[in-house]
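Engineer: I am attaching a structure below and will ask some questions about it afterwards.
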Amino acid sequence: MTRATKPTTYREAIREALAEAMREDPRVFLMGEDVGRYGGGFGVSLGLLEEFGEERIRDTPLSESAFVGAGIGAALGGLRPVVEIMTVNFSLLALDQIVNTAAALSHMTGGQLNVPLVIRMTTGAGRQLAAQHSHSLECWYAHVPGLRVVAPATVEDARGMLWSALQDPDPVIIFEHGSLYGVTAELACDAGPVDLDRAAVRRPGDDITLVTSGGSLPTVLDAAQALAGHGIRAEVIDLRTLRPLDDATVTSSVRRTHHAVVVDEGWRSVGLSAEVSARITEQCFYELDAPVGRVCTVEVPIPYAAHLERAALPSVERIVAAAEEAVGSHG
Amino acid sequence: MTRATKPTTYREAIREALAEAMREDPRVFLMGEDVGRYGGGFGVSLGLLEEFGEERIRDTPLSESAFVGAGIGAALGGLRPVVEIMTVNFSLLALDQIVNTAAALSHMTGGQLNVPLVIRMTTGAGRQLAAQHSHSLECWYAHVPGLRVVAPATVEDARGMLWSALQDPDPVIIFEHGSLYGVTAELACDAGPVDLDRAAVRRPGDDITLVTSGGSLPTVLDAAQALAGHGIRAEVIDLRTLRPLDDATVTSSVRRTHHAVVVDEGWRSVGLSAEVSARITEQCFYELDAPVGRVCTVEVPIPYAAHLERAALPSVERIVAAAEEAVGSHG
Amino acid sequence: MTVGSARPDPVELYRQMLRVRRFEERCVQLYSATAIRGFVHLYIGEEAVAAGVLPHLRADDAVVATYRDHGQALVRGVPMNASMAEMYGKQQVVCRGRGGTRHLFHAPTRFYGGNAIVGGGLPLAVGLALADAMQGSDRVTVCFFGEGAMAEGEFHESMNLAALWKLPVLFLCENNLYAMGTALSRSESEPNLAVKASSYEVPAWSCDGMDVLAVWEAAHRAVELVRDGGGPVFLEAKTYRFRAHSMYDPDRYRDKAEIEHWRERDPLLLLERTMRAAGSLDDESLATMDTEALAEVDAAVAFAEQGTDEPVADLTRFVTSSGAMP
Amino acid sequence: MTVGSARPDPVELYRQMLRVRRFEERCVQLYSATAIRGFVHLYIGEEAVAAGVLPHLRADDAVVATYRDHGQALVRGVPMNASMAEMYGKQQVVCRGRGGTRHLFHAPTRFYGGNAIVGGGLPLAVGLALADAMQGSDRVTVCFFGEGAMAEGEFHESMNLAALWKLPVLFLCENNLYAMGTALSRSESEPNLAVKASSYEVPAWSCDGMDVLAVWEAAHRAVELVRDGGGPVFLEAKTYRFRAHSMYDPDRYRDKAEIEHWRERDPLLLLERTMRAAGSLDDESLATMDTEALAEVDAAVAFAEQGTDEPVADLTRFVTSSGAMP
Ligand SMILES: Cc1ncc(C[n+]2csc(CCOP(=O)(O)OP(=O)(O)O)c2C)c(N)n1
Ligand SMILES: Cc1ncc(C[n+]2csc(CCOP(=O)(O)OP(=O)(O)O)c2C)c(N)n1
Ligand SMILES: [Mg+2]
Ligand SMILES: [Mg+2]
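Chains as they are written, first to last, in our numbering: chain D, 23 to 353; chain W, 23 to 353; chain P, 131 to 456; chain U, 131 to 456.
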């Protein structure tokens with residue numbers, strides 16, 4: 023028999039995961055700017071204040087460094103904080119606490135301490151919010167030993183990754199792409215935790231491997247569809263976890279397809295796409311028929327005007343072109 | 023006739039460049055923690071307070087975000103600030119100002135404004151300063167459009183890059199590796215500005231290209247020497263400028279050597295080495311005889327104990343092994 | 131704009147507030163019509179602050195503002211055409227479509243944004259003032275920010291730096307009682323903001339931010355003190371936003387009665403009453419001003435709609451100055 | 131260690147200060163002998179602060195310190211053997227050579243470092259206290275930091291958060307007048323630090339940080355107030371470091387006379403005088419204490435020298451807990 027499902031938005035999925043976690047574990051609480059009375063900058067926590075009260079749905083002042091650091095301390099003190107940083111752009115103000123304390127503490131103390139902290143933040147562009155509100159800096163976090171970094175691209179992962187992150191004894195950063203909050207999908211009513219170690223094949227194919235994550239997945243799936251029309255069967259891999267990367271799923275695909283294009287909304291230079299490209303080449307050099315392609319955001323501070331922003335971000339057209347170049351390049 | 027030279031340390035070279043710049047341009051001043059009375063956390067500005075006074079050798083409180091932001095404002099206001107952040111580790115506290123304001127302003131204002139700001143900071147490990155004082159985060163800055171990032175690896179570049187950076191109308195980040203301050207070399211008495219656009223071949227060779235920068239250059243040159251003993255002639259390239267990267271110098275070398283290893287003190291995953299590796303493969307795929315190798319710092323918060331720190335950092339042994347594997351890997 | 135005059139010009143103050151009000155009312159319509167996008171943060175209800183403070187500046191002074199920047203830009207003298215074109219994302223004037231509604235920057239009037247990182251503008255203002263101080267000029271930098279920004283470390287570091295170095299900055303706090311949905315009492319342990327600011331050894335006082343004449347007087351003293359080399363000053367304007375935080379905000383956190391209560395102290399209404407009482411305003415002059423304001427807005431919209439898009443080919447232009455026009 | 135006792139135990143206070151003094155004097159020798167490396171920040175001259183504050187804590191309370199952490203660690207009860215072994219970079223106890231002299235962490239005594247980012251420990255302390263408050267415990271967290279850290283945004287944000295949420299934190303400012311080479315007057319626009327702190331609506335007072343009995347009294351009131359749910363308290367201890375900032379520092383920025391002047395108020399000397407006057411200390415007991423202290427240091431050095439290196443193979447162990455021992 024099939025599991026009962028219900029249509030759920032990405033936003034609702036995170037909200038349900040939060041509510042469930044707080045019902046099941048009294049140590050869990052949510053803290054951040056406007057998570058309570060406002061309902062969350064993007065409406066994720068709407069209604070939770072009413073159920074859990076202001077102690078556990080804790081509005082903070084504008085003090086990213088202090089409330090993220092307070093989350094670290096609270097985790098050390100026996101709680102299971104979920105800290106919401108409204109957007110990744112503001113997380114720069116808390117980076118010192120995340121890198122120099124949260125990520126380093128376990129190793130620096132020889133394993134005496136660990137920091138079971140979950141940090142959620144909205145990421146990405148696409149809503150004409152311009153240069154200071156459109157960053158995709160997942161790559162910076164994916165660089166830091168001691169952190170786990172995940173990017174739910176589906177409603178199911180939005181629901182499951184939070185719970186799984188709360189089971190992790192170490193700091194986990196969850197990136198929620200702003201353009202996904204409204205996405206709806208059928209979600210199992212009893213949806214539970216998900217595996218945080220493996221990438222997922224979102225569409226099978228034998229001609230080329232398209233590797234992506236987070237908010238770029240829908241675009242890449244559209245591109246794969248378009249490529250099918252051109253007779254190119256693209257396999258689409260969703261990395262899901264950006265640190266540690268699951269090389270095996272990616273390389274086993276590339277060994278079959280002999281071609282790969284990495285799609286990342288981050289800027290191209292010294293970003294996530296470079297690491298995925300380098301790893302594929304390191305591990306599949308002799309099976310590759312063409313250099314690994316990369317489709318990323320053009321290296322500009324994201325502009326406000328719709329047509330300029332669109333031109334800056336990865337698009338179906340650019341992905342299709344890169345895939346066709348890769349597949350065609352040796353013929 | 024040959025130019026007159028004198029033995030100069032890397033530290034003195036930067037000091038002379040600062041002094042010269044301040045003598046020649048009244049708009050130039052130095053600002054940062056302990057740059058004045060203390061003489062600079064690493065002694066770079068020792069003696070400058072006496073010559074230029076406390077207005078232009080400006081001690082700041084412990085307020086990284088504010089004094090870096092003040093540097094941005096002062097640059098907009100017509101001055102040519104050189105801001106010293108004692109170490110890259112503390113620059114995390116100023117990242118918001120650097121990324122969201124300094125780097126974005128020119129584009130965000132449609133070219134109405136530009137930020138002629140120079141930020142100097144010490145980087146790197148090797149002195150048993152442990153996890154919070156040993157970062158190499160050049161890669162993060164190299165990811166950001168709107169910034170120029172340079173890493174002087176020689177006394178000559180330490181002398182010349184600062185002056186050249188001051189001529190740049192846009193923000194320039196200068197990374198000074200802590201282990202280089204004491205390095206001495208003969209420097210031309212009339213040493214002047216240097217080119218900030220090109221990488222440099224520090225040692226010619228035909229069998230393999232070793233690409234590195236900053237504090238890793240001496241180690242890589244030692245490795246090249248050791249490889250010569252094994253009959254492998256390594257070409258050593260010093261990137262010098264980490265953003266924008268000079269692909270041409272690197273790829274023209276690799277097209278000749280058909281092998282490459284990138285050496286970077288940063289962590290391996292999603293770091294500078296990944297970008298260099300990806301670019302080489304993208305541009306030289308059909309000329310490569312083996313996958314590009316990478317020798318980086320082991321992905322741990324840098325430990326205090328000497329033997330553990332040594333084991334974490336790139337070493338001659340690891341570089342030699344990687345080079346031999348690359349050269350040997352195809353039979 | 132009368133600069134540094136000893137007495138306020140009520141008609142001019144009213145005219146400026148009206149321009150801002152009509153401009154933003156049109157923004158609301160244009161947003162619903164999707165001609166303007168992104169977050170749009172309206173100043174409606176707070177007009178008296180910009181209108182009362184900015185007349186005290188000289189053309190060579192500097193202004194740093196936040197994402198809630200329409201009012202400051204218009205009163206400072208950024209052409210309405212330019213602002214409207216920028217909101218449309220057109221290439222004409224200012225930021226060539228790259229900045230948008232929250233990032234109005236205008237070099238000719240030394241209007242430095244338009245900063246969307248809360249607190250991010252404060253260090254910038256300190257630096258602009260540092261440049262003036264080091265160059266021996268008597269220019270002043272006014273930095274607008276909300277009360278919510280006072281919790282950020284940047285406020286603390288910037289106040290301390292400006293005070294230590296006696297820099298010519300006027301820290302202008304627009305206390306509208308809320309930071310998005312967070313009431314002042316939940317963001318500041320010391321809700322008396324002038325008291326808080328004075329702990330930096332910075333002269334600080336408050337004024338009724340709904341009464342433009344009170345703002346004018348308070349700012350007059352403040353700007354004079356700063357310009358005379360007295361170092362930074364902190365001025366709190368107690369105000370209120372009549373609209374939600376942004377066009378995205380359903381405004382669930384304020385009760386309607388509170389909003390109504392503040393609407394009774396609408397800065398335009400207050401000044402109109404005073405002027406009518408003083409006989410310096412009548413229906414006719416009021417109607418004329420309104421017609422003029424609306425005409426200016428109409429012209430700006432027409433200008434913006436005729437504007438052309440920045441070519442996509444120029445996307446990467448201006449990332450560095452080398453790509454900038456001479 | 132007597133906890134929360136109503137009267138100080140001068141002999142015990144002297145003994146603790148002496149342990150710290152002798153320990154660090156040995157550190158200086160060991161550093162010259164290159165047995166200890168990295169930056170080493172000495173507490174010599176400031177011993178009265180840790181010695182006077184920490185007796186008021188219970189075993190289940192928490193301590194957050196800075197890189198200048200030897201004194202706090204020793205008085206808190208972190209075994210001297212463990213600290214010395216860590217400085218030697220040995221695998222025995224505490225951080226297994228990963229932390230070193232500036233990162234002493236010890237879970238059993240809830241000693242949370244050892245933080246080398248100035249101001250970085252303050253948010254951590256706020257969080258530890260938040261956990262206690264939310265779990266309804268009456269535990270207290272004491273956070274040590276220098277006066278230089280007060281300029282950082284983290285100080286501002288942490289004080290505000292702790293005050294808003296009435297958290298059980300004792301903010302313990304060790305005002306030794308310098309942040310590296312930067313004198314207080316160049317780092318704080320309001321050099322009266324207690325006045326500054328009280329602007330957060332936090333009870334704040336100062337004490338003579340060279341007089342351990344005065345520190346004891348001041349901290350006694352402070353810890354009681356915090357434990358009784360009064361919210362955070364700020365206590366400034368006016369002290370002075372007799373040594374340079376670190377072993378790297380040539381100390382060019384302080385004049386010798388100033389240092390000499392402060393040496394006359396050496397906390398060990400002051401207490402010795404008081405106790406001799408009260409007849410509670412004589413040459414013999416003094417000699418005994420010194421012999422004991424030196425013996426403890428000798429034992430710690432021996433322990434450290436017999437320590438073994440963490441295997442290089444374990445380099446990546448503990449980066450994540452999955453790599454940690456059960
Ligand atoms: C550093 C940072 N954190 C959070 C935000 C999201 N945000 C934008 S405006 C705002 C409220 C600011 O309130 P206030 O400073 O009082 O200014 P107001 O909007 O009331 O004018 C918040 C939380 C941001 N833009 N920057
Ligand atoms: C964020 C940061 N900036 C700069 C430094 C370098 N630094 C280490 S200690 C110190 C001075 C701190 O002075 P204070 O807070 O008074 O403590 P003290 O050393 O006097 O005990 C500085 C500037 C640092 N470690 N962290
Ligand atoms: Mg507000
Ligand atoms: Mg100090």
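All C-beta atoms in this analysis are idealised placements derived from N, C-alpha and C, irrespective of residue type, glycine included. Bear in mind the structure is a predicted one, so any value in this text is a computation, not a measurement.
Within the continuous beta strand (DSSP E) that includes W:Tyr-32, where are the two ends?
Structural biologist: Premise fails: W:Tyr-32 lies in the alpha helix (DSSP H), 32-46, not in any beta strand (DSSP E).
Engineer: DSSP on U:Ser-410, reduced to helix/strand/coil?
Structural biologist: Note: U:Ser-410 maps to coil in three-state DSSP.
Engineer: Exposed or buried, which one is U:Ala-432 when buried takes at least 16 other CB atoms within 10 Å?
Structural biologist: Exposed: under 16 other Cβ atoms inside 10 Å.
Engineer: Are the C-beta atoms of W:Gln-154 and some chain U residue less than 8 Å apart?
Structural biologist: So yes, W:Gln-154 belongs to the interface.
Engineer: Taking beta-carbon pairs under 7 Å, can you tell me which members of the region 279-309 of chain D lie near chain W?
Structural biologist: Correct list: Trp-289, Ser-291, Val-292, Gly-293, Leu-294, Ala-296, Glu-297, Ser-299, Ala-300, Thr-303, Glu-304, Phe-307.
Engineer: Can a CB atom of chain U be found closer than 8 Å to the CB of P:Gly-360?
Structural biologist: So, not an interface residue.
Engineer: Name the chain W residues whose beta carbon is nearer than 8 Å to that of U:Thr-446?
Structural biologist: The contacting residues are Val-320, Glu-321, Val-322.
Engineer: List the residues of chain D whose Cβ lies closer than 9 Å to the Cβ of W:Pro-167, in chain order.
Structural biologist: What W:Pro-167 touches in chain D: Trp-289, Ser-291, Val-320, Glu-321, Val-322, Pro-323.
Engineer: Could you run through the region 124-137 of chain W and flag, in chain order, every residue whose CB is less than 8 Å away from some CB of chain D?
Structural biologist: Correct list: Ala-125, Ala-126, His-129, Met-130.
Engineer: Compare the beta carbon distance of U:Val-332 and D:Ala-88 with 8 Å and say whether it is the shorter of the two.
Structural biologist: No, they are not a contact pair.
Engineer: Return yes when the C-beta of P:Tyr-308 is under 7 Å from any heavy atom of ligand 3, and no when it is not.
Structural biologist: Yes, Cβ of P:Tyr-308 sits closer than 7 Å to a heavy atom of ligand 3.
Engineer: Going by DSSP, which residues form a beta bridge with U:Ala-367?
Structural biologist: U:Ala-367 is bridged to U:Glu-304, U:Cys-337.
Engineer: Comparing C-alpha positions only, which one of U:Gln-222, U:Arg-137, U:Val-150, U:Ala-136 sits nearest to U:Gln-436?
Structural biologist: It is U:Gln-222 whose Cα lies nearest to the Cα of U:Gln-436.
Engineer: Less than 7 Å separating the Cβ of P:Glu-277 from some heavy atom of ligand 3?
Structural biologist: P:Glu-277 Cβ: within cutoff of ligand 3.
Engineer: Would you call the region 231-243 of chain D in contact with the region 139-151 of chain D, where contact means no fewer than 3 C-beta pairs closer than 8 Å?
Structural biologist: With the cut-off at 8 Å, the region 231-243 of chain D and the region 139-151 of chain D touch.
Engineer: Counting along the chain, where does the beta strand (DSSP E) carrying D:Ile-79 start and finish?
Structural biologist: Counting along the chain, the beta strand (DSSP E) containing D:Ile-79 begins and ends at 79-81.
Engineer: Locate the beta strand (DSSP E) running through D:Ala-282, then write down its first and last residues.
Structural biologist: Where D:Ala-282 is concerned, the enclosing beta strand (DSSP E) stretches over 282-289.
Engineer: Regarding P:Met-196 and ligand 1, is the C-beta to nearest heavy atom distance less than 7 Å?
Structural biologist: The sequence given here places Thr at residue 196 of chain P; Met does not occur at that position. Indeed, a heavy atom of ligand 1 lies less than 7 Å from the Cβ.
Engineer: Is D:Asp-118 close to chain W, meaning its C-beta is less than 8 Å from at least one C-beta of that chain?
Structural biologist: Interface residue, yes.
Engineer: Considering only their Cβ atoms, is the gap separating W:Ile-141 from W:Val-66 smaller than 8 Å?
Structural biologist: No, the Cβ-Cβ distance between W:Val-66 and W:Ile-141 is not below 8 Å.
Engineer: What ranges does the alpha helix (DSSP H) occupy inside the region 149-234 of chain U, keeping only unbroken runs of at least 4 residues that lie completely in it?
Structural biologist: 177-183, 200-206, 210-217, all fully within the region 149-234 of chain U.
Engineer: Quick check: is any heavy atom of ligand 2 less than 7 Å from the C-beta of U:His-375?
Structural biologist: Flag set: Cβ of U:His-375 near ligand 2.
Engineer: Buried or exposed for P:Thr-450, going by 16 or more other Cβ atoms inside 10 Å?
Structural biologist: Counting Cβ neighbours within 10 Å, P:Thr-450 comes out buried, since at least 16 surround it.
Engineer: Taking all protein chains shown into account, do 16 or more other C-beta atoms lie within 10 angstroms of the C-beta of D:Glu-55, making it buried, or fewer, making it exposed?
Structural biologist: Buried.
Engineer: Can you tell me whether D:His-155 is buried or exposed? The criterion is at least 16 other CB atoms within 10 Å of its CB, across all chains shown.
Structural biologist: Buried, because 16 or more other Cβ atoms sit within 10 Å of the Cβ of D:His-155.
Engineer: For a test of your reading of the model: does the CB of D:Leu-84 fall under 7 Å from any non-hydrogen atom of ligand 1? Yes or no.
Structural biologist: Yes; taking the cut-off as 7 Å, the Cβ of D:Leu-84 has a heavy atom of ligand 1 nearer than that.
Engineer: Measure the C-alpha to C-alpha separation of W:Arg-10 and D:Val-283 and round it to an integer number of angstroms.
Structural biologist: There is simply no residue 10 of chain W to check, as chain W begins at 23 and stops at 353 in what is shown.
Engineer: Could you name each continuous beta strand (DSSP E) segment of 3 residues or more that falls completely within the region 202-239 of chain W, going from the start of the chain to the end?
Structural biologist: Complete beta strand (DSSP E) runs here, min 3: 206-210, 222-225, 230-234.
Engineer: Would U:Tyr-173 and U:Arg-198 qualify as a contact pair, given that the criterion is a beta-carbon distance under 8 Å?
Structural biologist: The answer is yes: Cβ separation under 8 Å.
Engineer: Grouping DSSP H, G and I as helix and E and B as strand, with all else coil, what is D:Val-342?
Structural biologist: Correct three-state label for D:Val-342: helix.
Engineer: To the nearest angstrom, how far is the alpha carbon of U:Val-248 from that of P:Val-158?
Structural biologist: Distance between the alpha carbons of U:Val-248 and P:Val-158 is about 46 Å.
Engineer: On the DSSP letters alone, give me the boundaries of the alpha helix (DSSP H) that D:Gly-181 sits inside.
Structural biologist: A small correction: the amino acid at residue 181 of chain D is Arg; Gly does not occupy that position in the sequence shown. Where D:Arg-181 is concerned, the enclosing alpha helix (DSSP H) stretches over 177-189.
Engineer: Among residues of its own chain, excluding the 5 on either side of P:Arg-151, which ones have a beta-carbon nearer than 7 Å to its beta-carbon?
Structural biologist: Ile-174, Glu-177, Leu-398, listed in sequence order.
Engineer: Taking the continuous alpha helix (DSSP H) assigned at W:Ala-92, which residues delimit it?
Structural biologist: Note, W:Ala-92: alpha helix (DSSP H), 86-98.
Engineer: Where P:Gln-202 and D:Val-349 are concerned, what is the direct C-alpha to C-alpha distance, given to the nearest angstrom?
Structural biologist: Those two C-alpha atoms are separated by around 54 Å.
Engineer: Please name the residue in W:Ile-324, W:Ala-207, W:Glu-339 whose C-alpha comes closest to that of U:Gly-227.
Structural biologist: It is W:Ile-324 whose Cα lies nearest to the Cα of U:Gly-227.
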